[in-house]
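Below is one structure, written out as structure tokens; comments come after it.
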Amino acid sequence: MELNSRAVYEVLKGKGIDTFHHANTVQTACVFLQHGRLLSRGTADERGIEQTAQKSDEIDRKYGIWYDLFLDSVDIHERAKGRNFYGPVLFRFRMDLLLEDWLPSVWITKKNPTDWVEGESHAERYFQSVEEFDRNYRKGNFGSMFMLRHAGGVLRLQPHLLDVVVDDPGWEYKDIDIYSQTVGALNASAWQGGIKDLVITKRVCASACKCANQYTQFLNNEETRKKYGKQTAKLFFFMADNA
Numbered sequence: 030m031e032l033n034s035r036a037v038y039e040v041l042k043g044k045g046i047d048t049f050h051h052a053n054t055v056q057t058a059c060v061f062l063q064h065g066r067l068l069s070r071g072t073a074d075e076r077g078i079e080q081t082a083q084k085s086d087e088i089d090r091k092y093g094i095w096y097d098l099f100l101d102s103v104d105i106h107e108r109a110k111g112r113n114f115y116g117p118v119l120f121r122f123r124m125d126l127l128l129e130d131w132l133p134s135v136w137i138t139k140k141n142p143t144d145w146v147e148g149e150s151h152a153e154r155y156f157q158s159v160e161e162f163d164r165n166y167r168k169g170n171f172g173s174m175f176m177l178r179h180a181g182g183v184l185r186l187q188p189h190l191l192d193v194v195v196d197d198p199g200w201e202y203k204d205i206d207i208y209s210q211t212v213g214a215l216n217a218s219a220w221q222g223g224i225k226d227l228v229i230t231k232r233v234c235a236s237a238c239k240c241a242n243q244y245t246q247f248l249n250n251e252e253t254r255k256k257y258g259k260q261t262a263k264l265f266f267f268m269a270d271n272a
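Note that the numbering used here has the sequence shown beginning at 30, numbered continuously upward.
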């Protein structure tokens, strides 16, 4: 159900939410920066643009949301205290993009589409009114997703992009730390896309965050190292939910 974007903006503002988030892999984030915009999975695929595969791709096609853009109102990494399985690069946007004339409506899921099941009604998957959304949505809920369905499968990064937050896995490849390589790749991609003032923020986690252990376990996994050898650290550029 499409909800009025301006009304949704007021609800979120009232709940103390002012930022949208979109996490992805380093590879796909570079593609976004090169094009100066977020691209839906379907739009990138249709244009022959390379992107990292995700486990949810089949589900997105199945439920007709392949060409939609997805945003979160919460930093999932920070909230869950662990790495985001959509990727280590987080785009943060000003929520006032909801006030743009080109975005009259937004769809909001009640849970992640990966948790949808056959036979569910439309009302079980989406909030049906702004009033229902206001009553039931809680700040910090990262099960719900904000879907842009009438934006042509693209969202220009400027002027709404605040910054890009990047995880530091503490890995090295050929004596160069992977975080520095990631920042270099993102900056080069932004320059190519005409973004001269990209702000990249290094993620600083709370002591309770599990991401450091998760990254260490992945890098030291015997089967992974056996399969990729010295190239294992480069997998950070492609890490997603299928990693």
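The C-beta atom is built at its ideal place from N, Cα and C for all residues, glycine as well.
query	result
Ignoring anything shorter than 3 residues, give me the beta strand (DSSP E) runs that lie fully in the stretch 78-151, in order along the chain.	98-100, 118-123 and 134-137
To the nearest angstrom, how far is the alpha carbon of MET30 from that of LYS256?	45 Å
Please name the residue or residues paired with ASP192 in a DSSP beta bridge.	ARG121
The alpha helix (DSSP H) spanning HIS64 covers which residue range?	55-64
If contacts are defined as beta-carbon pairs under 8 Å, then ALA180 and LEU98 qualify, I think. What distance do you get, rounded to the angstrom?	6 Å
Alpha carbons only, please: which of HIS106, THR245 and GLY223 is nearest the one belonging to PHE61?	GLY223
So, VAL195 versus VAL212, is the Cβ gap smaller than 8 Å?	yes
Below 8 Å on the Cβ atoms is my guess for LEU177 versus LEU184; work out the distance and round it to an integer in Å.	6 Å
Have a look at TYR202, PRO198 and CYS234 and flag the residue whose alpha-carbon is nearest the alpha-carbon of PHE247.	PRO198
I'd like the list of long-range same chain contacts for ALA272, defined as Cβ closer than 6 Å, with 5 residues on each side in sequence excluded.	Confidence is the limiting factor: at ALA272 the pLDDT is only 42, short of 50, which leaves the residue's position unreliable, though a coordinate-based value still follows. Excluding residues within five positions, none has a Cβ falling inside 6 Å.
Hey, PHE49 and PHE114 are a contact pair by Cβ (cut 8 Å); roughly how many whole angstroms apart?	Incorrect: roughly 19 Å between the Cβ atoms, too far for contact.
Between MET268 and PRO117, is the Cβ-Cβ spacing less than 8 Å?	yes
Output the distance between the C-alpha atoms of ILE88 and ILE94, rounded to the nearest integer angstrom.	8 Å
Is VAL233 closer than 8 Å to PHE171 when the C-beta atoms are compared?	no
Among the residues of its own chain, which have a CB less than 6 Å from the CB of SER85, if the five just before and after it don't count?	THR143
Which residues in the same chain as ALA52 place their Cβ atom closer than 6 Å to its Cβ, once the five residues preceding and following it in sequence are excluded?	ASN113, TYR115, GLY116 and LEU119
Taking its Cβ as the centre, do 16 or more other Cβ atoms sit within 10 Å of HIS151, making it buried, or is it exposed?	exposed
Taking the C-alpha atoms as reference points, what is the distance between GLU251 and ILE205?	22 Å
Helix, strand or coil: which one does DSSP assign to ASP74?	helix
Consult DSSP for ASP206 and reduce its assignment to one of helix, strand or coil.	strand
Run through the DSSP bridge pairs and tell me what LEU32 is partnered with.	VAL135
For TYR92, does the count of other Cβ atoms within 10 angstroms reach 16, so buried, or fall short, so exposed?	exposed
Does the Cβ-Cβ distance between PHE34 and SER173 come in under 8 Å?	Checking the sequence shown, residue 34 turns out to be Ser, not Phe. Not closer than 8 Å, so no.
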